[in-house]
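Read the structure below first, then the notes.
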Amino acid sequence: MSEEFVLLEPEDQPGDEWEELDVSDTEADRIARRQDREFSEFRERVKNTEQFKLQESVFDDATLAAVYKLVQDGYVDAFGGPVSTGKEASVFEALGGEAGERPEPGSAAANEEYAREVAVKVYRINSSNFRQMREYLEGDPRFEGIANDKKAVVLAWTKKEFANLNRARKAGVRVPEPIAVQRNVLVMELVGHADDRARRLSEVDVENPETAYEVVREYMRRLYRAGLIHGDLSEYNMIIHDGELVVIDMGQAVTVHHPNAGDFLARDCENVAAFFTRQGIDVDGDDLRAYVTEPEPDPSGDPDA
Ligand SMILES: Nc1ncnc2c1ncn2[C@@H]1O[C@H](COP(=O)(O)OP(=O)(O)OP(=O)(O)O)[C@@H](O)[C@H]1O
Ligand SMILES: [Mg+2]
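Numbering (this note's numbering), first residue to last: 160 to 464.
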């Protein structure tokens, strides 16, 4: 990694992305139930492709219906191979459809040839971490009253990742641009390209760790000032492409009002500090936390205000 890191400039301050959540019965569930001819054909076609055979356990009928809906709505044109298979979710490369927002003009992703690539993250409803997910959702004012069943929790989680990505982006944190969410399926900007993968910070030789650290702590501070704590930040949830550091995996991010917010932030700071310490930088978790939580300077400039 030879390029300099570039800090993204913050846009306008974020509002509250709280939205009414109806996770009981989605359009995708209705499509799956109806099993009309078009959906049945789509399902059979998809089920015969290699990618789907490899990932069969991810794609129950309602998940397939969510993908079908995303195709119909113009967010996805064609599925590519899996990028990652985790316990909670699998990530795929795909071709984005007409409806997806184009990447920022001037950004690397705006390169014509690649402009339509997207990442599709599919959460498993039968996630083994269901109980842990609930703990993150409880205490988040945006998700009060979510029913206590797996499907509702995973659907709320998917929506939460979408909302968190939006909020982070508005706060000037470089994250994948969220494009669409449908049931347990999230479509976002693919960082890097199918033939030129973005890599985890853990996988690269960080040539300029000082600058990388400064970017990370600035992003953590911006996130915090926007009312969010990542909650699983480490060298495994930051990816690098074209000299740009991108924070990913925001499903578990909580607002600063969460009862465990302080612990989550302390853990994030410890993880990040430990990684950069190994890169030869003199940092510790407490200093990082102090930096992240430092009160914003008063814009009026009056120190007594
Ligand atoms: N928008 C994206 N662009 C490019 N690659 C991505 C994107 N989102 C995820 N990935 C890749 O997929 C991997 C898993 O994504 P993510 O961390 O969001 O899911 P996860 O459920 O936490 O998986 P894991 O348990 O493996 O961490 C990432 O480490 C990264 O390599
Ligand atoms: Mg991850």
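All residues carry an ideal CB built from backbone N, CA and C; glycine is no exception. Predicted, not measured: the structure shown is a model, and the values here were computed from it.
Which one or two residues does DSSP pair with residue i in a beta bridge?
i	result
G255	V235
V415	The partner list for V415 (beta bridge, DSSP) is empty, contrary to what the question assumes.
L223	Paired residues: none, contrary to the question.
V374	The partner list for V374 (beta bridge, DSSP) is empty, contrary to what the question assumes.
S249	T244 and V281
Q341	V344
D355	H352
I388	V413
L404	I399
E276	L254
Where residue i and residue j are concerned, what is the direct C-alpha to C-alpha distance, given to the nearest angstrom?
i	j	result
D408	R275	21 Å
E369	V205	46 Å
K212	T185	25 Å
G174	E455	Low confidence applies to G174: its pLDDT is 37, below 50, so where it sits in the model is not reliable enough to give any reading.
A353	Y234	17 Å
E403	K318	26 Å
A371	N307	40 Å
A225	F198	11 Å
F423	G390	5 Å
A330	R381	6 Å
T208	D441	50 Å
S249	V344	10 Å
F201	E362	37 Å
A258	N288	33 Å
T414	D364	32 Å
G351	V332	17 Å
R189	R196	14 Å
W177	R301	Here the model assigns W177 a pLDDT of 45, short of 50, so the residue's position is not dependable and the matter cannot be decided.
R193	Q214	24 Å
E272	G255	Confidence in E272 is poor, its pLDDT being 48 and thus under 50, which makes the residue's placement too unreliable to answer from.
H400	G240	19 Å
R342	D457	41 Å
E373	E453	15 Å
G439	E366	11 Å
E429	Y378	16 Å
Q231	E203	16 Å
H417	Q291	14 Å
E303	E348	29 Å
V340	E294	22 Å
F434	Y227	41 Å
T436	S243	27 Å
Is any heavy atom in ligand 1 found nearer than 7 Å to the beta carbon of residue i?
i	result
R192	no
K309	no
I399	no
V332	no
V413	no
K280	yes
S243	yes
V350	yes
A353	no
V250	yes
E106	The shown model of the chain, from 160 to 464, leaves out residue 106, and the question about it has no answer.
A357	yes
M347	yes
P335	yes
Between residue i and chain B, is there a C-beta pair that is closer than 8 Å?
i	result
R275	In summary, chain B is missing from the structure at hand, where a single protein chain is found.
Please look up how many angstroms separate the CB atoms of residue i and residue j, rounded, as I've assumed it's under 8 Å.
i	j	result
L223	V346	Their Cβ separation, rounded to whole angstroms, is 15 Å, which puts L223 and V346 out of contact at 8 Å.
D443	A432	5 Å
A237	A191	With 8 Å as the limit, A237 and A191 do not qualify as a contact, their Cβ atoms being about 21 Å apart.
E336	R328	7 Å
A412	N323	4 Å
I388	D427	7 Å
I284	D219	7 Å
V313	R376	Contact flag wrong, Cβ pair sits at about 32 Å.
R448	A385	Actually they are not in contact, since the Cβ atoms of R448 and A385 sit about 17 Å apart, beyond 8 Å.
S286	E247	5 Å
Neighbourhood of ligand 3 [Cβ distance below 6 Å to any heavy atom], ordered by chain position: Questions concerning ligand 3 fall outside what the structure shown contains, since the ligands it does hold are ligand 1 and ligand 2.
Inter-stretch contact (C-beta, 8 Å, three-pair minimum) for the segment 393-411 and the segment 352-363: yes
Quick check: the segment 278-293 against the segment 389-404, are there 3 or more CB pairs under 8 Å? no
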